[in-house]
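Residues 1479 to 1616 in the numbering used here are what the sequence shown lists, from first letter to last.
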Amino acid sequence: MAWEESRAVIDLEMPAWLELAECAGADPDIFFTPSAKESSETKSYRESAAKAFCGRCLVRDECLEASMNEETQDHAAMTPFGDLELRHGIRGGKTPVERWRLAFPDMTDALEEHRQAIRAQDRRRDLARRAQKLQNRS
1479 MAWEESRAVI DLEMPAWLEL AECAGADPDI FFTPSAKESS ETKSYRESAA
1529 KAFCGRCLVR DECLEASMNE ETQDHAAMTP FGDLELRHGI RGGKTPVERW
1579 RLAFPDMTDA LEEHRQAIRA QDRRRDLARR AQKLQNRS
């Protein structure tokens, strides 16, 4: 395939509004969670910085619509909370959870219950690890 032809294919796949995005050329680490665990303070700062970009963006609505379309197109084949795992980064000024809540408002309470159960399980696991460490020291 000639360079011009491959360039035409790329242009067809990229929406025109993307060139106007405030985040174009910005460090993607601002918008996406790093692979290493980050503190809640660092996450809050990073998300605020990303949302500041989105707040100034002329194509924020288009970005949000595109992300919602991408993230919900295969929802029927997924578990209720499974699709939340496919959502990444700040897009259209919204976090993955905020976009999920917009897409599935009736499931918001169920999601919160699910998240609380996971947090409780994590706390129990942490306590068990601490107890094991104390026991090993004795």
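Heads up, the beta-carbon is just placed ideally off N, CA and C, and yes, glycines get one too. Since this is a predicted model, take the numbers as computed values, not measurements.
| query | Along the chain, where does the alpha helix (DSSP H) that runs through S1545 open and close? | reply | 1538-1550
| request: Can you have a look at S1545 and say buried or exposed, based on whether 16 or more other CB atoms are within 10 angstroms of its CB? | output: buried
| Alpha carbon to alpha carbon, how far is E1519 from T1573? | 15 Å
| said: Is it the case that the region 1597-1606 contacts the region 1577-1588, given that we only count it when at least three CB pairs across the two stretches are under 8 Å? | reply: no
| query | Excluding five sequence neighbours on each side, which residues of the same chain lie with their C-beta closer than 6 Å to the C-beta of C1532? | reply | R1538, G1571
| said: For L1565 and N1547, what's the separation of their Cα atoms in angstroms? | reply: Correcting the residue identity first, residue 1565 is Arg in this sequence and not Leu. Taking the straight line from one Cα to the other gives about 11 Å.
| message | Going by beta-carbon coordinates alone, are E1549 and R1577 separated by less than 8 Å? | response | yes
| request: Whole angstroms is fine: what's the gap from E1525's alpha carbon to I1568's? | output: 7 Å
| The alpha helix (DSSP H) enclosing A1609, as first and last residue numbers | 1586-1615
| query | What residues in its chain sit with their C-beta under 7 Å from that of R1579, if we drop five residues either side in the sequence? | reply | T1586
| request: Kindly identify the DSSP beta-bridge partner or partners of R1524. | output: None, per the DSSP bridge assignment.
| query | Thinking C-alpha only, which one of K1521, P1493, R1602, R1607 is nearest E1543? | reply | P1493
| Could you check where the alpha helix (DSSP H) with W1578 kicks off and where it finishes? | 1574-1581
| task | Determine the DSSP secondary structure at R1565, reduced to helix, strand or coil. | result | Collapsing the DSSP output to three states places R1565 in coil.
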